[in-house]
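Encoded as structure tokens, the structure appears first; notes follow it.
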Ligand SMILES: [Zn+2]
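Numbering (our numbering), first residue to last: 4 to 505.
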């Protein structure tokens, strides 16, 4: 995966403009900010555009949720830095101020004070004393002081959160020699250690249940007067203010749903946000995954569990998109042949699915990204996550081609090839087939990789705990790499020639 990511969004009307489109907007530290295009938007109907608009508004309302989930002081830090950025009256030309701006951009980019992949806390390129000077010359009323807190106490806390490298050192710690919960800065557990959290959820588990809900998915676990309880994300609950706005915009979207099925599904999502009920969430997911007719689709909810060291609690995210018809032909061919890939995979027969069900591969164009999907963006998604729903109703798997296209365009002009390609032949191959094969790699990973294989009876989804996400991604990627060089892909007409995969 490339270490750079994107932002913004633009429609292109004709090729002459496309020629001039600048994908690379900015660089700072190790980050690159890319712009992406939304080809095909103009051809959508007015109702489809309205649906995208309202779902996009719903997406934007969750921005602060992800900051808070990533760490309890992230919003305080962001508001403080933004206040300085907007109101500081001192010198903005010196190196320390530039280092301050870079730090702010890193916080924006990672939705918090930790690196979005590496999980380590950012080290600012300026001193605590310099920070005090910034605060002294900015609007005092703009800082988010907590009730009863004076400016000195506020500064002390800010120093600790930003400069103390041992405090909240990692967002998600997966080193099992430490208490995974206590050593992770993410905000899913409060006053609770790993042992207590694991016991709390182990007691809820019913191994005979064939359609188990995802316990703990949408809540923070806290200890109050010695008693553990969940603070549920819902209307009137934790993140209730943001959720109220999300509901408001989804309601606006309802009249523009493309099918009755899609409308039912949006109503179910609203019901879930109102109650926080996880059975309703599963019912919604069944509706969502079986909804394949509309051109416009979306993801909206507390979904991925990578941000929780115990792999149970989900971060909020949203994507609004529409189908790329041309490229969907390619993925349809791959999904239609899913059983062939499953049967011929090199794993032991007991781990193979007898019947690979409902793997729908499609290629989408995203129009809006938010929450945990932004600014660092996935290039493919495969949902829902609940294994029993995947087994009984299938999963939706998508490749986000307008994002991968932006990556490829920037890569071609970055000097990357001159530096890393072995020789001229390899450069030519990459220029000719780079985009095709990297899309195909993502397709194989998402459509076949994650959907392949089965657990032995009695083994639960989260048995691997802190190793789950890493191993699951590796598994899906190995599946893709195993087949990328296969004649079958040429026979299907999705790979121009076997050598393209070189
Ligand atoms: Zn994956």
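Cβ atoms here follow ideal geometry from the backbone N, Cα and C, with glycine treated the same way.
(message) My parser needs the beta strand (DSSP E) runs of 3 or more residues fully inside the segment 228 to 267; what are they?
(response) 230 to 235
(request) Could you spell out the range, first to last residue, of the beta strand (DSSP E) harbouring residue 305? (result) Within the chain shown, residue 305 is the residue found at index 302, counting from 1. Segment 299 to 307, the beta strand (DSSP E) holding residue 305.
(message) Going by DSSP in three states, residue 450 sits in which element: helix, strand or coil?
(response) As a working mapping, residue 450 is identified with position 447 in the chain shown. Looking at residue 450 - three-state DSSP - the assignment turns out to be helix.
(request) From the DSSP output, in three-state form, read off residue 96 for me. (result) Locating residue 96 in the chain shown gives position 93, where the first residue counts as 1. Coil at residue 96, not helix or strand.
(request) For the alpha helix (DSSP H) containing residue 56, list its first residue and its last residue. (result) Translated into the one-based positions of the chain shown, residue 56 becomes position 53. Looking at the DSSP string, the run of the alpha helix (DSSP H) that includes residue 56 is 49 to 63.
(request) Have a look at residue 293 and residue 484 and give me their C-alpha separation to the nearest angstrom. (result) Position 290 of the chain shown, counted from the start, is the residue given in the question as residue 293. Position 481 of the chain shown, counted from the start, is the residue given in the question as residue 484. Computed Cα separation, rounded: 29 angstroms.
(request) Under 6 angstroms Cβ to Cβ from residue 203, same chain only, skipping five residues before and after it: list those, please. (result) Along the chain shown, one-based indexing puts residue 203 at 200. Around residue 203: 231.
(request) For the alpha helix (DSSP H) holding residue 402, just list the boundary residues, first then last. (result) For the purposes of this step, residue 402 is taken as residue 399 along the chain shown, with counting starting at 1. First-last for residue 402: 398 to 403, but that is the beta strand (DSSP E), not the alpha helix (DSSP H).
(request) May I ask whether a heavy atom of ligand 3 can be found less than 7 angstroms away from the beta carbon of residue 444? (result) Ligand 3 is not part of the structure shown, which contains ligand 1 as its ligands.
(request) Over the uninterrupted alpha helix (DSSP H) stretch that includes residue 158, give me the two end residues. (result) Here the question's residue 158 lines up with position 155 in the chain shown. Here the alpha helix (DSSP H) through residue 158 covers 154 to 166.
(request) Note the first and the last residue of the continuous alpha helix (DSSP H) segment covering residue 287. (result) For the purposes of this step, residue 287 is identified with residue 284 of the chain shown, where counting begins at 1. Note, residue 287: alpha helix (DSSP H), 281 to 292.
(message) Beta-carbon within less than 6 angstroms of residue 186's beta-carbon, same chain only, minus the 5 sequence neighbours each way: which residues are those?
(response) Here residue 186 refers to the residue found at position 183 of the chain shown. Contacts found: 176.
(message) Please identify the residue among 458, 466, 433, 327 whose C-alpha is closest to the C-alpha of residue 3.
(response) Because the chain in this structure spans residues 4 to 505, residue 3 falls outside the shown range and cannot be described.
(request) Have a look at residue 494 and residue 336 and give me their C-alpha separation to the nearest angstrom. (result) For the purposes of this step, residue 494 is taken as the residue at position 491 of the chain shown. For the purposes of this step, residue 336 is taken as the residue at position 333 of the chain shown. Approximately 11 angstroms, taken between the alpha carbons.
(request) For ligand 1, enumerate in chain order all residues having a CB closer than 6 angstroms to any of its heavy atoms. (result) 448, 453, 476, 479
(message) Any contact between the segment 25 to 40 and the segment 405 to 415? By contact I mean 3 or more CB pairs, one from each, below 8 angstroms.
(response) yes
(request) Please determine if the segment 433 to 441 and the segment 308 to 328 are in contact, where contact requires at least 3 C-beta pairs separated by less than 8 angstroms. (result) no
(request) Enumerate in chain order the residues of its own chain whose CB-to-CB distance from residue 254 is below 8 angstroms, with the five nearest sequence positions on each side excluded. (result) As a working mapping, residue 254 is identified with position 251 in the chain shown. For residue 254, where only same-chain residues beyond five positions count, the Cβ hits under 8 angstroms are 273.
(message) Buried or exposed, going by whether 16 or more other CB atoms sit within 10 Å of the CB of residue 505?
(response) Numbered from its first residue, the chain shown carries residue 505 at position 502. Residue 505 should be labelled exposed.
(message) Just to confirm, is the Cβ distance from residue 35 to residue 413 under 8 angstroms?
(response) By 1-based counting over the chain shown, the position of residue 35 is 32. By 1-based counting over the chain shown, the position of residue 413 is 410. For residue 35 and residue 413, yes; Cβs fall inside 8 angstroms.
(request) Check whether the Cβ atoms of residue 63 and residue 389 sit closer than 8 angstroms, and answer yes or no. (result) Position 60 of the chain shown, counting from 1, holds the residue named residue 63. Position 386 of the chain shown, counting from 1, holds the residue named residue 389. Not a contact, by the Cβ cut-off of 8 angstroms.
(request) Inspect the beta-carbon positions of residue 246 and residue 257 and report whether they are closer than 8 angstroms. (result) Along the chain shown, one-based indexing puts residue 246 at 243. Along the chain shown, one-based indexing puts residue 257 at 254. Their beta carbons are not under 8 angstroms apart, which means residue 246 does not touch residue 257 by this criterion.
(message) Since residue 264 and residue 290 should fall inside the 8 angstroms C-beta cutoff, what is the C-beta to C-beta distance between them, to a whole number of angstroms?
(response) Sequence index remark: in the chain shown, residue 264 carries index 261 (1-based). Sequence index remark: in the chain shown, residue 290 carries index 287 (1-based). With 8 angstroms as the limit, residue 264 and residue 290 qualify as a contact, their Cβ atoms being about 7 angstroms apart.
(request) Give the straight-line distance between the Cα atoms of residue 85 and residue 450, rounded to the nearest whole angstrom. (result) On the chain shown, residue 85 is found 82 positions in, with the first residue counted as 1. On the chain shown, residue 450 is found 447 positions in, with the first residue counted as 1. Cα-Cα distance, rounded: 41 angstroms.
(message) Measuring only the C-alpha atoms, how far is residue 157 from residue 65?
(response) Here residue 157 is taken as the residue at index 154 of the chain shown, counted from 1. Here residue 65 is taken as the residue at index 62 of the chain shown, counted from 1. Roughly 26 angstroms between the two C-alpha positions.
(message) Assess contact between the segment 162 to 174 and the segment 127 to 134, defined as three or more Cβ pairs (one per stretch) separated by less than 8 angstroms. Is contact present?
(response) yes
(message) So, under 8 angstroms CB-CB, residue 472 and residue 314 are touching, yes? Tell me the CB distance rounded to an integer number of Å.
(response) One-based indexing of the chain shown puts residue 472 at position 469. One-based indexing of the chain shown puts residue 314 at position 311. Right, the Cβ-Cβ distance comes to about 6 angstroms (below 8 angstroms), so this counts as a contact.
(request) Please report how far the alpha carbon of residue 20 lies from the alpha carbon of residue 29, in whole angstroms. (result) Here the question's residue 20 lines up with position 17 in the chain shown. Here the question's residue 29 lines up with position 26 in the chain shown. Residue placement at residue 20 is poorly supported in this model, since its pLDDT is 45, which falls under 50; the coordinates are not used for a value here.
(request) Could you pull out every residue in the same chain whose Cβ sits closer than 6 angstroms to the Cβ of residue 250, ignoring the five residues on either side in sequence? (result) Along the chain shown, read from residue 1 onward, the residue named residue 250 stands at position 247. Hits under 6 angstroms: 273, 276.
(request) Determine, using beta carbons only, whether residue 93 and residue 190 come nearer to each other than 8 angstroms. (result) Mapped onto the chain shown, residue 93 falls at position 90. Mapped onto the chain shown, residue 190 falls at position 187. Not a contact, by the Cβ cut-off of 8 angstroms.
(message) Within 10 Å of its beta-carbon, does residue 114 have 16 or more other beta-carbons around it, so buried, or fewer, so exposed?
(response) By 1-based counting over the chain shown, the position of residue 114 is 111. The residue is buried, with at least 16 neighbouring Cβ atoms inside 10 Å.
(request) Using the Cα positions of residue 443 and residue 206, report the straight-line distance between them to the nearest angstrom. (result) On the chain shown, residue 443 is found 440 positions in, with the first residue counted as 1. On the chain shown, residue 206 is found 203 positions in, with the first residue counted as 1. Roughly 43 angstroms between the two C-alpha positions.
(request) Please report how far the alpha carbon of residue 248 lies from the alpha carbon of residue 401, in whole angstroms. (result) In the chain shown, residue 248 corresponds to position 245, counting from 1. In the chain shown, residue 401 corresponds to position 398, counting from 1. Their Cα atoms are separated by approximately 27 angstroms.
(message) Suppose the cutoff is 6 angstroms on Cβ atoms and the five residues either side in sequence are ignored; what does the same chain contact list for residue 218 look like?
(response) If you number the chain shown from 1, residue 218 lands on position 215. So the list reads 204, 207, once near-sequence residues are dropped.
(request) Spell out the partners DSSP gives residue 198 in its beta bridges. (result) For the purposes of this step, residue 198 is taken as residue 195 along the chain shown, with counting starting at 1. Beta-bridge pairing links residue 198 to no other residue.
(request) Please list, in chain order, all residues of the same chain as residue 54 whose beta carbon is under 8 angstroms from its beta carbon, the five residues on each side excluded. (result) Taking the first residue of the chain shown as position 1, residue 54 is located at position 51. Taken in chain order, the residues that qualify are 256, 259, 260, 261, 299.
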